[in-house]
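Just so you know, we're using our numbering here: the sequence shown kicks off at 33 and counts up by one. What follows is a single structure, written as structure tokens, with notes after it.
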Amino acid sequence: LWNAAFHGFDPETSELPGWTMTGASVDVKLVPDTEEDHLYVYHNIIGITYLGSGDTFKLRPASLQENHIDSFCTFGIYAKSDVAGSISAPMKDRSGSTIASSSHSGSGKWEFIGMSSLYDRANGPQAYFSITGDVKVTAPTFVYGSASATPGAEFLSGAGARMSGLFTSNIIEVSPPNITTDQWFIPVEGNIYDTQQFPDSGGGTCSTTYQSVRRINHSNPKFPKGSIVTIMFPVCGNCVPCLAIRHNTYIQLMGESDFVPQPL
């Protein structure tokens with residue numbers, strides 16, 4: 033789930049990134065640490081005061097990734113309430129019918145409200161949380177398969193970010209930039225680039241020159257903002273120009289300064 037930690041809640045509009053809220057009238061607030069200790073680190077608690085009269089308030093993930101392999105899904109949320117039946121977790125089963133988990137007992141303690149089931153492969157599980165009473169909620173989870181997730185325990189968490197792009201190392205051999213410009217175009221399908229050396233100008237002894245790059249892919253196809261790439265530099269010196277990368281607004285180097293290699 034994206035934003036399973038309930039970050040970015042706007043108290044003015046009651047909007048929560050990654051989630052939709054529809055149905056009965058409610059008052060939604062971020063519960064402060066002074067009122068309730070976090071159940072899981074970095075995971076905020078949302079307090080929902082039910083103002084409806086029989087209608088259901090639905091807290092639903094704005095989107096769920098499709099999965100064409102697993103036929104099971106497991107989802108749920110930690111909830112605390114003094115009202116029996118205040119929250120349950122419905123979804124669409126494999127026949128397209130709506131099924132639901134057991135509801136909160138009203139114990140006033142944290143309970144996991146969720147279920148694992150075969151889901152509707154044609155239209156997706158359409159999972160959401162059905163709320164008909166005052167409740168505090170935190171750390172929702174959704175996974176394909178029958179094993180439940182532990183919030184905050186994974187190395188890569190949805191607690192504070194949405195991930196995209198390459199998640200493996202992909203080495204691509206690339207030509208050096210054009211010597212007439214400080215811009216360089218390289219394939220966006222990679223994240224490690226093995227740069228071939230500039231042509232040898234020949235003709236005997238030469239003084240070492242540098243070809244500086246200040247922008248990479250300034251027009252389409254562009255790298256997403258924040259992309260991290262690794263560039264392997266070619267051998268250079270004398271009659272073979274050296275490739276230099278300049279630290280600036282468009283290219284931010286790890287050392288926060290220009291990288292100017294020394295010739296061999």
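Heads up, the beta-carbon is just placed ideally off N, CA and C, and yes, glycines get one too.
So if DSSP puts residue i in a beta bridge, which residue, or which two residues, is it bridged to?
| i | result |
| --- | --- |
| methionine 264 | Asp226 |
| valine 245 | Ile277 |
| phenylalanine 107 | Met147 and Phe174 |
| isoleucine 163 | Phe89 and Ile119 |
| aspartate 125 | Tyr151 |
| isoleucine 283 | BP columns for isoleucine 283 are empty, so no partner. |
| serine 269 | At residue 269 the sequence reads glycine, which differs from the serine that was named. Answer is Val272. |
| glutamine 294 | Beta-bridge pairing links glutamine 294 to no other residue. |
| glutamate 205 | Asp226 |
| tryptophan 142 | Lys112 |
For residue i, collect the residues of the same chain with a Cβ closer than 8 angstroms to its Cβ; drop the 5 residues on either side in sequence, then sort them by chain order.
| i | result |
| --- | --- |
| valine 63 | Asn76, Ile77, Ile78, Gly79 and Lys168 |
| valine 245 | Pro209, Asp214, Gln215, Trp216, Leu275, Ala276, Ile277, Arg278 and Ile283 |
| asparagine 249 | Trp216, Phe217, Ile218, Val220 and Phe255 |
| isoleucine 119 | Ile109, Ala111, Ser113, Ser135, His136, Ile145, Phe161, Ser162, Ile163, Thr164, Gly165, Val167 and Val169 |
| proline 231 | Val272 |
Rounded to a whole number of angstroms, what is the C-alpha to C-alpha distance between residue i and residue j?
| i | j | result |
| --- | --- | --- |
| threonine 173 | serine 57 | 25 angstroms |
| aspartate 125 | isoleucine 101 | 16 angstroms |
| serine 137 | alanine 121 | 13 angstroms |
| leucine 48 | serine 201 | 34 angstroms |
| glycine 146 | glycine 222 | 40 angstroms |
| proline 157 | tyrosine 151 | 5 angstroms |
Using the beta-carbon count (16 or more within 10 Å), is residue i buried or exposed?
| i | result |
| --- | --- |
| glycine 165 | buried |
| glycine 258 | exposed |
| methionine 264 | exposed |
| leucine 91 | buried |
| alanine 154 | exposed |
| valine 267 | exposed |
| serine 133 | buried |
| methionine 286 | exposed |
Considering only residues of the same chain and omitting the five flanking positions on each side of residue i, which have a CB-CB separation below 6 angstroms?
| i | result |
| --- | --- |
| aspartate 65 | none |
| tyrosine 176 | Asn99, Asp102 and Cys105 |
| serine 189 | The predicted position of serine 189 is uncertain, since its pLDDT is 49 and thus under 50; a value taken from the coordinates is nonetheless stated next. Excluding sequence neighbours, serine 189 sits near nothing in its chain. |
With respect to 7 angstroms, is the separation between the Cβ of residue i and the closest non-hydrogen atom of the ligand GTP below this value?
| i | result |
| --- | --- |
| tyrosine 74 | Of the ligands one can find in the structure shown there are none, so the ligand GTP has no counterpart to examine. |
Return no unless some Cβ of chain B is closer than 8 angstroms to the Cβ of residue i.
| i | result |
| --- | --- |
| isoleucine 211 | Judged by its chain identifiers, the structure shown contains no chain B, having just a single protein chain. |
Can you give me the Cβ contacts of residue i inside the same chain, cut-off strictly under 7 angstroms, excluding the 5 residues immediately before and after it?
| i | result |
| --- | --- |
| proline 253 | Val220 |
Item to check | Ranges of the beta strand (DSSP E) found wholly within the region 53-100, counting only runs of at least 3 | outcome: 58-62, 77-82 and 89-93
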